[in-house]
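Everything below concerns the one structure shown next.
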Amino acid sequence: KQEVTQIPAALSVPEGENLVLNCSFTDSAIYNLQWFRQDPGKGLTSLLLIQSSQREQTSGRLNASLDKSSGRSTLYIAASQPGDSATYLCAVASGGGADGLTFGKGTHLIIQP
Amino acid sequence: GAVVSQHPSWVICKSGTSVKIECRSLDFQATTMFWYRQFPKQSLMLMATSNEGSKATYEQGVEKDKFLINHASLTLSTLTVTSAHPEDSSFYICSARDYTAANEKLFFGSGTQLSVL
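Structure representation (structure tokens):
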């Protein structure tokens, strides 16, 4: 059974810092990996999706990497801003992508102004 | 971009009542939708996979008679929490896969916060 772990559980940093969020998964046979942002009491916003054959994806100040063999992914946030404060979730898809996602518990991020 | 609409956003009900949550794909057809539940400070946990025109597939430990899923059209899936009890209080969220989108992304609704008194 796939398990997804995210470290750290919480992170608070001053505005402007670069930071890295970590995600690990136990079964390397994934279809893709996706990073989401969740604001309190709200749904999920997809940030980046990495297919199993890819190594990284970039969108603006965000960069996600994937090392499938070691079961790890990182989300790099450059020049953090207070608006980046949210919970960041890592999720993996298995079973050819037809199945639902397996989520980590998330990293609760606070960017101090 | 693809949008998934989920209603209601929050609901408070008395123990023993039933609550229906709707999930609609607004600009694409969703043959498959997924229902998740999230308890405070926990992961989103997949409850069931909803397939248009057929029975839903439930994850282990999820009572199918408790959580009724209906996917009668290509744009609508409903989750009914029957005879809700306080332990059913949770954040419920649906998602749908847009197979025409790049990388077949999953799009999520805004979620429903259910509080059972």
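Residue numbers (the numbering used here), protein chains in the order written: chain F, 2 to 114; chain W, 49 to 165.
Each residue gets a CB set at the ideal place from its N, CA and C atoms; glycine is no exception.
Closest Cα partner of residue i within the set the options
i              : options                                    : result
alanine 80(F)  : Val21(F), Leu90(F), Cys91(F) and Ala92(F)  : Val21(F)
glycine 157(W) : Gly107(F), Leu45(F), Ile8(F) and Gly105(F) : Leu45(F)
lysine 153(W)  : Leu122(W), Glu70(W), Phe76(W) and Cys71(W) : Phe76(W)
CB of residue i within 7 Å of CB of residue j, strictly
i                 : j                : result
isoleucine 117(W) : leucine 127(W)   : yes
alanine 132(W)    : threonine 65(W)  : yes
leucine 76(F)     : tryptophan 36(F) : yes
tryptophan 83(W)  : methionine 93(W) : no
arginine 72(W)    : leucine 124(W)   : yes
Residue-chain proximity (residue i, chain F), Cβ-Cβ < 7 Å
i                   : result
isoleucine 141(W)   : yes
threonine 97(W)     : yes
leucine 92(W)       : yes
serine 53(W)        : no
lysine 112(W)       : no
phenylalanine 76(W) : no
Proximity test, Cβ basis, 7 Å: residue i and chain W
i                    : result
glycine 72(F)        : no
leucine 1(F)         : Look at the range of chain F in this structure, 2 to 114, and you will see that residue 1(F) is not part of it.
phenylalanine 104(F) : yes
Residues sharing a beta bridge with residue i, DSSP
i                    : result
aspartate 68(F)      : Arg73(F)
arginine 145(W)      : Leu154(W)
phenylalanine 104(F) : Ala92(F)
threonine 128(W)     : Lys68(W) and Leu116(W)
histidine 133(W)     : None, per the DSSP bridge assignment.
DSSP state of residue i mapped onto helix, strand, coil
i               : result
glutamate 70(W) : strand
proline 9(F)    : coil
proline 15(F)   : strand
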